[in-house]
Amino acid sequence: METLMNDIMKEIESNETIIIHRHVRPDPDAYGSQLGLKYYLQLKFPDKHIYAVGDEEASLNFIGTLDHVEDNVYKEALVIVCDTANAPRVDDQRFTLGKKVLKIDHHPAVDQYGDINLVNTDASSTSEIIYDMISHFNDESIINEDVARVLYLGIVGDTGRFLFGNTTQHTMEIAGKLLGFPFNHNAELNKMSEKDPRLMPFQGYVLQNFELHNDGYCQVKITKDVLEQYKIKANEASQFVNTVADIQGLKIWMFGVDEGDQIRCRLRSKGQYIINDIANDFGGGGHPNASGVSVYSWEEFDSLAQALRQKLQ
3 METLMNDIMK
13 EIESNETIII
23 HRHVRPDPDA
33 YGSQLGLKYY
43 LQLKFPDKHI
53 YAVGDEEASL
63 NFIGTLDHVE
73 DNVYKEALVI
83 VCDTANAPRV
93 DDQRFTLGKK
103 VLKIDHHPAV
113 DQYGDINLVN
123 TDASSTSEII
133 YDMISHFNDE
143 SIINEDVARV
153 LYLGIVGDTG
163 RFLFGNTTQH
173 TMEIAGKLLG
183 FPFNHNAELN
193 KMSEKDPRLM
203 PFQGYVLQNF
213 ELHNDGYCQV
223 KITKDVLEQY
233 KIKANEASQF
243 VNTVADIQGL
253 KIWMFGVDEG
263 DQIRCRLRSK
273 GQYIINDIAN
283 DFGGGGHPNA
293 SGVSVYSWEE
303 FDSLAQALRQ
313 KLQ
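Under the working numbering, read the sequence shown as residues 3 to 315, first letter to last.
In structure tokens, the structure reads:
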């Protein structure tokens, strides 16, 4: 891992323009690792041109803003992709236009699309890996509260506020160091959990319409009619994937949202119930306890549900 970090830094040092990408449908770790790396490199190399690109997600704009880069800038640029397991999920496919592509990620290595691939599946988040890089190069003294804030939010997001099984002693040690910087973490966490008041009736729908089975499996189906009824977008509906997470006896759950051309299924589980193998079987992927799959009919959704429930027998 240290050798890969050294190789990545050599590439960064030898390029004047660096463009940082992350995955589509971003989460706090996608934003946190991407912006954390950008802010860190701007401090370490103030004369370089460093950009972070991708479509903005309104619910995450409090973390930071992204840059707009013209196509011609890529020709002489080094591209770094954070927190993205496979190439089709990279937000802004212009990432292939760069001189070289570096991948930094913590998802299972299903697609080594980078010229250098730094993948640590033991890390709680890609934000944790970015901090490990900072530490590896003895650069803790040069980072500021902007770096600390976004990396902290990335770690908090992917660990479910340190409730998920990917939280380790190392994770907590890093979080403790980041909390030593003067940002208001309580205010930031409140922003992370806040939802638009107009979405609250939809949360009520989820609570009234989840399907819970005796084996500990639960599912939520969000059809196009439901989205229209509550006047919300598919990406807004996806914010409620963990609405059922506190149900007693829950082991595995699936949240499916009809996006028109596909039904996006978010799979979640607790403890020893590994689900990313099922996700892989259906053309998706992700972490052992948090994965995603796209299916193309509710019948296929039901087949996916059956496969998940096999884990509980």
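We put the beta carbon where it would ideally sit given N, CA and C, even for glycine.
Since the structure is predicted, the reported quantities are computational estimates derived from the model, not experimental observations.
Of all the options the options, which has the alpha carbon lying nearest to the alpha carbon of residue i?
i: Leu153; options: Gln315, His109, Pro30, Glu175; result: Pro30
i: Lys226; options: Gly218, Lys235, Arg151, Cys220; result: Lys235
i: Gly362; options: Phe204, Tyr207, Glu230, Gly251; result: Any property of residue 362 remains undetermined from this structure, which presents the chain solely from 3 to 315.
i: Asn63; options: Ile254, Ser305, Leu155; result: Leu155
i: Phe303; options: Leu165, Val83, Ile224, Ala54; result: Ile224
i: Cys220; options: Gln231, Gly56, Phe284, Leu306; result: Leu306
i: Gln241; options: Leu201, His70, Ile132; result: Leu201
i: Glu238; options: Ala247, Pro199, Ile276; result: Pro199
i: Gly66; options: Gly34, Gln95, Pro110, Asn186; result: Gly34
i: Asp57; options: Gln44, Pro28, Tyr42, Gly38; result: Pro28
i: Asn140; options: Gly182, Lys77, Ala125, Lys46; result: Lys46
i: Tyr298; options: Gln210, Gly285, Met135; result: Gly285
i: Phe183; options: Ala125, Asn244, Ala111, Val149; result: Val149
i: Lys77; options: Ala60, Ala111, Thr19, Glu59; result: Thr19
i: Pro203; options: Val228, Glu213, Leu214; result: Val228
i: Gly248; options: Ile276, Glu142, Leu214; result: Here the sequence assigns Asp to residue 248, which means Gly is not the residue at that position. Selected option, being the one with the closest Cα: Leu214.
i: Ser143; options: His109, Ala125, Tyr42, Ser129; result: Tyr42
i: Arg151; options: Phe185, Leu68, Ala60; result: Phe185
i: Thr169; options: Ser129, Val222, Ala189, Lys197; result: Ser129
i: Asp315; options: Val222, Asn216, Gln264, Lys233; result: In the sequence as displayed, the identity of residue 315 is Gln instead of Asp. It is Asn216 whose Cα lies nearest to the Cα of Gln315.
i: Ser61; options: Gln264, Ala309, Glu190, Lys272; result: Glu190
Measure the Cβ-Cβ separation of residue i and residue j and say whether it is below 8 Å.
i: Asp113; j: Val103; result: no
i: Asp85; j: Asp107; result: yes
i: Arg266; j: Met256; result: no
i: Ile10; j: Leu120; result: yes
i: Gly287; j: Ser293; result: yes
i: Lys101; j: Leu80; result: yes
i: Ala177; j: Ile145; result: no
i: Met326; j: Asn122; result: Nothing in the structure corresponds to residue 326, since the chain is present only between 3 and 315.
i: Thr161; j: Ser137; result: no
i: Ile22; j: Val71; result: no
i: Asn278; j: His289; result: yes
i: Phe212; j: Val243; result: no
What's the gap between the Cα of residue i and the Cα of residue j?
i: Lys40; j: Ile52; result: 6 Å
i: Gly167; j: Asn74; result: 43 Å
i: Gly258; j: Ala32; result: 22 Å
i: Ile280; j: Tyr207; result: 28 Å
i: Gln205; j: Arg270; result: 18 Å
i: Tyr133; j: Glu301; result: 43 Å
i: Gln274; j: Lys253; result: 9 Å
i: Gln231; j: Asn291; result: 31 Å
i: Ala54; j: Gly38; result: 10 Å
i: Gln317; j: Ile131; result: For the chain, the structure presents residues 3 to 315; residue 317 sits outside this window and is missing.
i: Gln210; j: Leu99; result: 47 Å
i: Gly262; j: Pro90; result: 19 Å
i: His187; j: Ser195; result: 12 Å
i: Arg320; j: Tyr115; result: Residue 320 cannot be examined here, being either before or after the span of the chain that is shown, 3 to 315.
i: Phe164; j: Asn192; result: 15 Å
i: Arg24; j: Ala87; result: 10 Å
i: Asn17; j: Lys50; result: 8 Å
i: Ile82; j: Met135; result: 14 Å
i: Asp260; j: Arg311; result: 21 Å
i: Ile14; j: Leu68; result: 20 Å
i: Lys313; j: Pro48; result: 51 Å
i: Val222; j: Thr5; result: 44 Å
i: Gln36; j: His109; result: 15 Å
i: Ala125; j: Glu59; result: 24 Å
Taking DSSP's pairing of strands, which residues face residue i in a bridge?
i: Val208; result: Paired residues: none, contrary to the question.
i: Glu213; result: Gln221
i: Ile82; result: Ile22, Leu104
For residue i, would you say it is in contact with chain B, using Cβ-to-Cβ distances shorter than 8 Å as the test?
i: Lys193; result: The chain labelled as chain B is not found in the depicted structure, where only one protein chain is given.
Give, in chain order, every unbroken run of the beta strand (DSSP E) that is at least 3 residues long and sits entirely within the region 86-138. Here the runs fully enclosed are 102-107, 118-121.
Extract the residue ranges of the alpha helix (DSSP H) inside the region 12-64, only unbroken runs of 4 or more that lie entirely within it. 30-46
In chain order, which continuous runs of the alpha helix (DSSP H) of length 4 or greater are located wholly inside the region 135-206? 147-160, 171-180, 187-195
3 or more residues per run - each beta strand (DSSP E) lying fully within the region 219-306: 219-224, 254-260, 265-271, 287-289, 292-297
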